[in-house]
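Colleague: If you scroll down you'll find the structure; I have some questions about it.
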Amino acid sequence: FDRTNSQRYIVNHPGADTLKGIAKGVPGYPDGAVPETQAYRLAQQALGFTGVDTTKGRVGNDKEFIPKISVKYNLNDDAMIYGLYTKGYRPGGVNRSRGDPFFPNAYGPDIMENNEIGYKSSFADGRGRLNVIGYHMEWSEYQLEQVDPSQVPCDANGNAVDFGDPSVAPSVKTPGVCGQPWQNLVANTGKAHITGVNLEMDYRVSERFSFGFNMEMKEAETDEDETGIVETGLQLPLSADTKGAIWMDYVWPTGQFGADHGFMRFQYSKQGAIWNNLDGGSPADAMNPRQRVPGYAIADARIGLQGEDWEFSVFINNLLDERAAYTYSGGQFLWGMGS
């Protein structure tokens, strides 16, 4: 990745670091408040008149060996076991950062190593299928987008203090500590693991009736973090410990209304509780709180008739009238829009 013109963009930010507009007789307006000052700053940056060296980009490179190794053994004509090792990564990149933030201007790749064993089979002359899979994933130096902590104000001695503290000195700025612009940046943090088991089965009991289910149980948590940014033992966001589903289908021959057959289907799924963020304070005292999102269960039913080239059905979605919450939004999106 090579971004040699990373400084050539307009930042319309209402923070204390914002330059004042000095073009077209509009002194005192925040930079970017009117089109004239936007154009003025863009021209000044392109010509190098703002004190920013636009010729020095942020350059980096990644080199990773990504193997995949698998073995399998056929127990018989209907069953097999296998083992799998894979490694994957997301490439690093650069932050479009301002000032002197705590997080670095560039971040490296994060690595995921997956170890998996499984059993796959069919039974009852192919009318049934049963699979069991166990896995363990190690995630290292995972990339995390965070509000840079140096956006808090400084006191007269250059130490970080809370917003609203009477000792705030607006003109004081300490690199990497305080007094810097508010911004979201990406950084490599610590390690995490995901360990779980997955079970799935479907079975055609007769020509008319079939059913199936699947379920997954897993632990997805952070491990040690050398940077000290994230605590150990936190459940990864948007990852439920348990989830599963069950379904049933029934069909029958009929000549009603010219149909070939009728059908009924019922399905039910359930998911455990999740967290919306990896870290953050309580909703009462944090801008970007970490909130527990409760689990939910959804049931659906359908009945109908089907002909050679047509179908008529009546269905009810969410039979239990569940008000499911998939996640809770924090302040990060709203702040991002505001900046």
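Under the UniProt record's numbering, the sequence shown is numbered contiguously, ending at residue 339. No residue lacks a Cβ here, since even glycine has one placed at the ideal position from N, Cα and C.
Please say whether Gly295 and Ala273 have beta carbons closer to each other than 8 Å?
Modeller: Closer than 8 Å, so yes.
Colleague: Given a cut-off of 8 Å, decide if Gly179 and Pro149 are closer than it, judged by their beta-carbon atoms.
Modeller: No.
Colleague: Looking at the unbroken beta strand (DSSP E) that takes in residue 350, where does it start and where does it end?
Modeller: Residue 350 lies beyond the range of the chain shown here (1 to 339); nothing can be said about it.
Colleague: Only counting runs of 3 or more residues, tell me where the beta strand (DSSP E) segments fall wholly within the stretch 84-159, in order along the chain.
Modeller: As far as the stretch 84-159 is concerned, its whole beta strand (DSSP E) runs of at least 3 residues are 110-123, 128-140, 143-147.
Colleague: Tell me whether Phe257 sits in a helix, a strand or coil according to DSSP, three-state version.
Modeller: Of the three classes helix, strand and coil, the one that applies to Phe257 here is helix, per DSSP.
Colleague: Between Gln306 and the rest of its own chain, which residues show a CB-CB distance below 7 Å, the 5 nearest in sequence each way excluded?
Modeller: Ala259, Asp260, His261, Phe263, listed in sequence order.
Colleague: What separation, rounded to the nearest whole angstrom, lies between the Cα atoms of Met80 and Ile117?
Modeller: Distance between the alpha carbons of Met80 and Ile117 is about 11 Å.
Colleague: Distance, Cα to Cα, Asp202 vs Gly244?
Modeller: Taking the straight line joining both Cα atoms gives about 13 Å.
Colleague: Could you tell me the distance, in whole angstroms, from the CA atom of Gly196 to the CA atom of Asp155?
Modeller: Roughly 48 Å separates the two Cα atoms.
Colleague: Can you tell me whether Asn5 is buried or exposed, with buried defined as 16 or more other CB within 10 angstroms of its CB?
Modeller: Legend: pLDDT at Asn5 = 42, less than 50; position of this residue unreliable, value from coordinates given subsequently. With fewer than 16 other Cβ atoms within 10 Å, it is exposed.
Colleague: Regarding Asn157 and the ligand COA, is the C-beta to nearest heavy atom distance less than 7 Å?
Modeller: The ligand content of the structure shown is nil, which means the ligand COA is not present either.
Colleague: Figure out for me which residue from Arg98, Val293, Arg129 has the closest Cα to the Cα of Ala324.
Modeller: If we check each option's Cα against that of Ala324, Val293 comes out closest.
Colleague: Which residues share a DSSP beta bridge with Gln235?
Modeller: Looking at the DSSP assignment, Gln235 forms a beta bridge with Glu221.
Colleague: By how many angstroms is the C-alpha of Glu224 removed from the C-alpha of Ile316?
Modeller: When rounded, the distance between both Cα atoms is 47 Å.
Colleague: Rounding to the nearest angstrom, what Cα-Cα distance links Gly83 and Gly280 in this structure?
Modeller: Their Cα atoms are separated by approximately 38 Å.
Colleague: Say whether the stretch 160-174 touches the stretch 182-193, bearing in mind that this needs 3 or more beta-carbon pairs closer than 8 Å, one atom from each stretch.
Modeller: They do not touch, by the three-pair rule.
Colleague: Where Ser210 and Tyr268 are concerned, what is the direct C-alpha to C-alpha distance, given to the nearest angstrom?
Modeller: Taking the straight line from one Cα to the other gives about 15 Å.
Colleague: Leaving out five residues before and five after Phe163 in sequence, what residues of the same chain have Cβ atoms less than 8 Å from its Cβ?
Modeller: Same-chain partners within the cutoff: Val152, Pro153.
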